[in-house]
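Trainee: First, the structure itself, so that you have it in front of you.
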Amino acid sequence: MGKVKVAVLGSGNIGTDLMLKLERSSVLEMSVMIGIDPESDGLARAKERGYITIDSGLKGFLEQCPEQADIVFDATSAKAHIRHAKMLREAGKFTLDLTPAAVGPFVIPPVNVDEHIDADNINLITCGGQATIPVVYAVNRVCPVEYAEIVATISSRSAGPGTRANIDEFTQTTSRGIEEIGGAKKGKAIIIMNPAEPPIMMRDTVYCLVEDGTMNEAEVIRSVTEMAETVQSYVPGYRLRMEPIIEGNKVTVFIEVEGAGDYLPTYSGNLDIMTAAAVKVAEEYAKKRIQSAVV
Amino acid sequence: MTGQRDILITEVALRDGSHAIAHQYTVEQVTNVARALDEANVPYMEVAHGDGLSGSSLQYGLSRTDEMKLIEAAVSVCKHSKVAVLLLPGIGTVNELKEAHRIGAKMARIATHITEADISKQHIEMAKNLGMETVGFLMMSHMAPTEKLVEQAKLMESYGADVVYVVDSAGALLPHEVRERIRALRDHLSIDIGFHGHNNLSLAMANTLAAIEEGAKRIDGSVRCLGAGAGNTQTEVLVAVCDRLGIQTGVDIYKMMDLAEHIVAPILNSPQEITKDSLVLGYAGVYSSFLLHAQRAAKKFGIDSRDILVELGKRKVVGGQEDMIIDVAAEIAGQKAGAAV
């Protein structure tokens with residue numbers, strides 16, 4: 001059974017981390033690294049590891065060797081992705097968008113990957129969304145959530161210039177994801193950057209208010225714990241810091257995300273959860289393709 | 001009465017004070033305070049949730065009244081005074097800023113942790129585009145050396161801020177540290193400098209005077225100390241002290257005293273004083289709005305609130321991380337239980 005070939009677009013920190021994660025996949029084959037800076041560390045590493053490297057951007061890839069990948073991960077920027085999305089659609093590539101461009105549907109792997117596996121472009125929302133929306137969904141599937149609020153605290157060092165320049169994009173996109181994918185009637189997101197040295201690990205707190213009279217404490221705890229285990233299957237450093245706290249109709253869940261330390265340091269669990277989620281979605285897509293090819 | 005002012009005072013009781021009353025302001029209270037401040041000729045008053053626009057949350061406390069209604073109420077009774085709003089990027093967005101501007105807010109104060117000024121660019125630029133007077137607000141200023149403060153303040157200046165504030169959110173700075181910071185900013189920036197103090201170490205007034213002596217032109221105060229922790233520099237006292245020093249604030253001293261006594265004091269559940277917990281905020285360098293949250297957590301877990309605050313200080317927790325209070329409290333309670341076994 002062959003693997004499905006993939007290209008990584010963007011040879012920065014995220015792209016390089018993706019490359020290392022892809023090497024472990026049993027259904028995906030790292031094939032091409034696409035950048036625009038021939039001097040970048042990501043391109044140098046890709047070359048060293050024997051992959052095809054393109055230093056003239058997506059255009060170069062599509063001109064030179066489009067047959068070398070069926071799946072493309074875009075780890076550039078929201079602005080660039082708008083342009084890339086169109087080019088990739090025309091070239092018939094399945095695209096995983098790790099920018100906040102939100103061109104395609106939002107996907108949280110344990111929640112709605114099946115619904116959108118036939119789409120041509122999938123958006124991974126935000127790091128805070130990937131860490132917290134599974135929990136909102138887990139509460140909502142047992143007790144209807146009226147309001148969900150998440151607080152993501154990340155180390156300053158792990159917040160790139162793109163995130164910093166447009167922090168509203170994080171709060172707005174994550175709130176939307178809490179409602180559309182998490183199922184809360186109303187969602188709110190807060191992000192905090194902490195500059196402490198050594199850098200802190202990503203922490204997320206999820207608060208849910210469930211509909212009056214519907215709280216089922218045991219079921220909520222069971223559902224949230226089960227969901228945390230599911231997320232752990234593709235983000236090994238994801239964990240609940242303590243058992244969910246339940247007071248009246250309020251559920252509070254404390255999460256910590258430690259990165260796998262592939263290319264990015266372990267404190268940047270926020271970046272790790274994005275790359276891990278993207279690989280997970282691509283794997284689901286690849287499995288489906290391999291299956292249909294066999295049939 | 002509106003003659004020249006040597007310093008411009010911003011009254012923060014209707015924003016910072018929101019922390020002290022768990023965000024329970026009513027339209028009536030805000031209307032009465034705002035009208036009296038306007039009559040006392042206070043140039044600016046800040047109105048918002050304690051954590052700024054959109055701060056109403058389970059994390060920080062839900063507002064009893066929609067802050068936009070409070071802003072509208074204040075604007076409606078101000079003949080001379082201007083209404084300011086606070087915005088913390090990561091909590092509020094440009095959408096709330098636009099809404100506040102639409103209903104009459106004239107000044108935007110964009111607040112970040114002392115080392116994170118670059119997240120304020122889009123909000124400072126938006127406030128300027130809206131034609132608002134714009135202030136960069138560097139919180140927890142005690143947590144970084146002066147060179148860092150200068151670097152971050154310059155970023156805010158480069159985004160278009162009209163003023164940059166040294167904000168002593170924890171009430172942890174000592175007078176000579178305030179002096180050094182204000183002086184450095186005066187040396188390196190061409191815009192006006194402000195100071196926002198907290199009275200946790202009983203130094204708000206001393207720090208404010210040090211700031212004024214070094215050339216700070218914008219000063220925050222809270223009437224009756226109605227602010228987070230032990231409150232801020234007490235506005236009516238500041239006005240009187242400045243008068244004795246020959247510093248023109250333009251504010252009517254008697255009217256300020258009267259509004260403190262008759263309108264603001266009744267809003268407080270108990271008078272603002274330096275309790276053991278607010279003292280520990282300043283001593284351990286912890287964000288002043290953590291006070292009530294830490295007291296609640298201490299009660300819930302049956303531990304000393306000071307242990308929680310000191311531990312938060314050690315972990316270098318920044319403003320907005322209220323969720324760490326429960327986390328740390330649970331951990332301390334767990335250790336105690338473990339030790340007892």
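Going down the list, the protein sequences come from chains G and P.
Position 117 of the first sequence, counting from 1, maps to 117 under UniProt numbering, and the rest follow consecutively.
Position 207 of the second sequence, counting from 1, maps to 207 under UniProt numbering, and the rest follow consecutively.
Think of the CB as a built atom: it goes at the ideal place given N, C-alpha and C, for glycine as much as any other residue.
Evaluate residue 245 of chain P with the Cβ neighbour count: other Cβ atoms within 10 Å of its Cβ, from every protein chain shown; 16 or more gives buried, anything less gives exposed.
Mentor: The residue labelled residue 245 of chain P in the question sits at position 245 within the second sequence. Its Cβ having fewer than 16 others within 10 Å, residue 245 of chain P is exposed.
Trainee: Is it buried or exposed for residue 194 of chain P, if we count other Cβ within 10 angstroms and need 16 for buried?
Mentor: Position 194 of the second sequence holds residue 194 of chain P. When all chains shown are included, residue 194 of chain P counts as buried.
Trainee: Taking the beta carbon of residue 61 of chain P as the centre, do at least 16 other beta carbons fall within 10 Å, making it buried, or is it exposed?
Mentor: Within the second sequence, numbered from 1, the residue matching residue 61 of chain P stands at position 61. Classification of residue 61 of chain P: buried, given that the 10 Å Cβ count is 16 or more.
Trainee: Going by Cα to Cα distance, which pick from P:21, P:73, P:277 is closest to residue 28 of chain P?
Mentor: As a working note, residue 28 of chain P is residue 28 in the second sequence. Residue 28 of chain P has its Cα closest to that of P:73, out of P:21, P:73, P:277.
Trainee: From P:164, P:147, P:238, P:127, pick the residue whose C-alpha is nearest to that of residue 208 of chain P; which is it?
Mentor: Along the second sequence, one-based indexing puts residue 208 of chain P at 208. Nearest of P:164, P:147, P:238, P:127 to residue 208 of chain P, Cα basis: P:238.
Trainee: Starting from the Cα of residue 226 of chain G, find the closest Cα among G:278, G:134, G:271, G:173 and give me that residue.
Mentor: To locate residue 226 of chain G, count along the first sequence from 1; it is residue 226. Of the listed residues, the one whose Cα sits closest to residue 226 of chain G is G:134.
Trainee: Output needed in chain order: residues of the region 47–68 of chain P with a Cβ under 7 Å from some Cβ in chain G.
Mentor: Answer in chain order: 57, 58, 59.
Trainee: Under the three-state reduction of DSSP, which class applies to residue 110 of chain P: helix, strand or coil?
Mentor: Counting from one through the second sequence, the residue named residue 110 of chain P turns up at place 110. Strand, per DSSP.
Trainee: What number of angstroms, rounded off, separates the C-alpha of residue 1 of chain P from the C-alpha of residue 252 of chain P?
Mentor: Residue numbering aside, residue 1 of chain P sits at position 1 when the second sequence is read from its first letter. Residue numbering aside, residue 252 of chain P sits at position 252 when the second sequence is read from its first letter. For residue 1 of chain P, the pLDDT reaches just 45, beneath the cut-off of 50, and the residue's location in the model is therefore unreliable, although a value from the coordinates is still provided. One C-alpha to the other measures close to 8 Å.
Trainee: Jot down the residue ranges of each uninterrupted alpha helix (DSSP H) in the region 212–254 of chain G, minimum 4 residues, whole runs only, in chain order.
Mentor: Segments of the alpha helix (DSSP H) lying fully in the region 212–254 of chain G: 217–232.
Trainee: Taking the alpha-carbon positions, what's the residue 42 of chain G to residue 258 of chain G distance?
Mentor: Locating residue 42 of chain G in the first sequence gives position 42, counting from the first residue. Locating residue 258 of chain G in the first sequence gives position 258, counting from the first residue. The alpha-carbon atoms of residue 42 of chain G and residue 258 of chain G are separated by roughly 22 Å.
Trainee: Since residue 164 of chain G meets chain P, which of its residues come closer than 7 Å, beta carbon to beta carbon?
Mentor: Along the first sequence, one-based indexing puts residue 164 of chain G at 164. Within chain P, the residues near residue 164 of chain G are 118, 119.
Trainee: Within 8 Å (strictly less), CB to CB, does residue 196 of chain G reach chain P?
Mentor: Translated into positions along the first sequence, residue 196 of chain G becomes position 196. At least one chain P Cβ lies under 8 Å of residue 196 of chain G.
Trainee: Under 8 Å between C-beta atoms, does residue 316 of chain P make it to chain G?
Mentor: By one-based count along the second sequence, residue 316 of chain P stands at place 316. Cβ-Cβ to chain G under 8 Å: yes for residue 316 of chain P.
Trainee: For residue 196 of chain P, which residues from the same chain have a beta carbon less than 6 Å from its beta carbon, with the 5 sequence-adjacent residues on both sides left out?
Mentor: Residue numbering aside, residue 196 of chain P sits at position 196 when the second sequence is read from its first letter. Counting only Cβ-Cβ distances below 6 Å, and skipping sequence neighbours, we find 165, 167, 220.
Trainee: Please list, in chain order, all residues of the same chain as residue 270 of chain G whose beta carbon is under 6 Å from its beta carbon, the five residues on each side excluded.
Mentor: Walking along the first sequence from the start, residue 270 of chain G turns up at place 270. Correct list, in chain order: 127, 154, 158, 202.
Trainee: So with CB distances below 9 Å, who are the chain G contacts of residue 94 of chain P?
Mentor: To locate residue 94 of chain P, count along the second sequence from 1; it is residue 94. Those are 168, listed as they occur along chain G.
Trainee: Along the chain, where does the alpha helix (DSSP H) that runs through residue 301 of chain P open and close?
Mentor: Residue numbering aside, residue 301 of chain P sits at position 301 when the second sequence is read from its first letter. Looking at the DSSP string, the run of the alpha helix (DSSP H) that includes residue 301 of chain P is 290–301.
Trainee: Between the alpha carbons of residue 161 of chain P and residue 94 of chain P, how many angstroms are there, rounded?
Mentor: On the second sequence, position 161 is the one that residue 161 of chain P refers to. On the second sequence, position 94 is the one that residue 94 of chain P refers to. Taking the straight line from one Cα to the other gives about 16 Å.
Trainee: Using a C-beta to C-beta distance shorter than 7 Å, which residues of chain G count as neighbours of residue 145 of chain P?
Mentor: Translated into positions along the second sequence, residue 145 of chain P becomes position 145. What residue 145 of chain P touches in chain G: nothing, since even the nearest Cβ is about 12 Å away.
Trainee: Quick test of the definition: if touching needs 3 or more C-beta pairs under 8 Å, does the region 193–208 of chain G touch the region 106–115 of chain G?
Mentor: Judged by Cβ distances under 8 Å, the region 193–208 of chain G makes no contact with the region 106–115 of chain G, as fewer than three pairs qualify.
Trainee: Using DSSP bridges, identify the partner residues of residue 61 of chain P.
Mentor: Numbered from its first residue, the second sequence carries residue 61 of chain P at position 61. Partner(s): P:57.
Trainee: When the cut-off is 8 Å and only beta carbons count, does residue 1 of chain P lie next to chain G?
Mentor: The residue given as residue 1 of chain P occupies position 1 in the second sequence. Because the pLDDT at residue 1 of chain P is just 45, under 50, the model does not fix this residue reliably, and the value given afterwards should be weighed accordingly. No, because no Cβ of chain G sits closer than 8 Å to the Cβ of residue 1 of chain P.
Trainee: Does chain P have any CB closer than 8 Å to the CB of residue 130 of chain G?
Mentor: Mapped onto the first sequence, residue 130 of chain G falls at position 130. Not an interface residue.
Trainee: Out of P:144, P:320, P:241, P:333, state which residue places its alpha-carbon closest to the alpha-carbon of residue 90 of chain P.
Mentor: By 1-based counting over the second sequence, the position of residue 90 of chain P is 90. Nearest C-alpha to residue 90 of chain P: P:320.
Trainee: Use the C-beta contact count for residue 182 of chain G: other C-beta atoms within 10 angstroms, 16 or more gives buried, fewer gives exposed.
Mentor: The residue labelled residue 182 of chain G in the question sits at position 182 within the first sequence. With 16 or more other Cβ atoms within 10 Å, it is buried.
Trainee: I need the straight-line Cα distance from residue 289 of chain P to residue 272 of chain P, nearest angstrom please.
Mentor: Position 289 of the second sequence holds residue 289 of chain P. Position 272 of the second sequence holds residue 272 of chain P. Cα-Cα distance, rounded: 14 Å.
Trainee: What in chain G is Cβ-close to residue 235 of chain P, meaning under 9 Å?
Mentor: If you number the second sequence from 1, residue 235 of chain P lands on position 235. Those within 9 Å of residue 235 of chain P in chain G number zero; the least Cβ separation is about 30 Å.
Trainee: Could you tell me which whole alpha helix (DSSP H) segments of length 4 or greater appear in the region 93–141 of chain P?
Mentor: With a minimum length of 4 residues, the continuous alpha helix (DSSP H) runs that stay inside the region 93–141 of chain P are 94–102, 121–129.
Trainee: Output the distance between the C-alpha atoms of residue 249 of chain G and residue 20 of chain G, rounded to the nearest integer angstrom.
Mentor: The sequence position of residue 249 of chain G within the first sequence is 249, counting from 1. The sequence position of residue 20 of chain G within the first sequence is 20, counting from 1. For residue 249 of chain G and residue 20 of chain G, the distance between alpha carbons rounds to 43 Å.
Trainee: With a cut-off of 8 Å, do at least 3 Cβ pairs link the region 51–60 of chain P to the region 260–278 of chain P?
Mentor: No: fewer than three Cβ pairs fall under 8 Å.
Trainee: Based on Cα-Cα distance, which residue from G:247, G:255, G:276, G:253 lies nearest to residue 261 of chain G?
Mentor: For this step, residue 261 of chain G is matched to residue 261 along the first sequence. Per the Cα distances, G:276.
Trainee: Measure how close the beta-carbons of residue 75 of chain G and residue 58 of chain G come, nearest whole angstrom, since I'm counting them as under 8 Å.
Mentor: The sequence position of residue 75 of chain G within the first sequence is 75, counting from 1. The sequence position of residue 58 of chain G within the first sequence is 58, counting from 1. No, residue 75 of chain G and residue 58 of chain G are not in contact; Cβ-Cβ is about 12 Å, not under 8 Å.
Trainee: Is it true that the region 222–241 of chain G meets the region 169–187 of chain G, where meeting means three or more beta-carbon pairs spaced less than 8 Å apart?
Mentor: No, they do not touch.
Trainee: If the cut is a Cβ gap below 7 Å, which residues of chain P does residue 151 of chain G touch?
Mentor: For the purposes of this step, residue 151 of chain G is taken as the residue at position 151 of the first sequence. The contacting residues are 59, 323.
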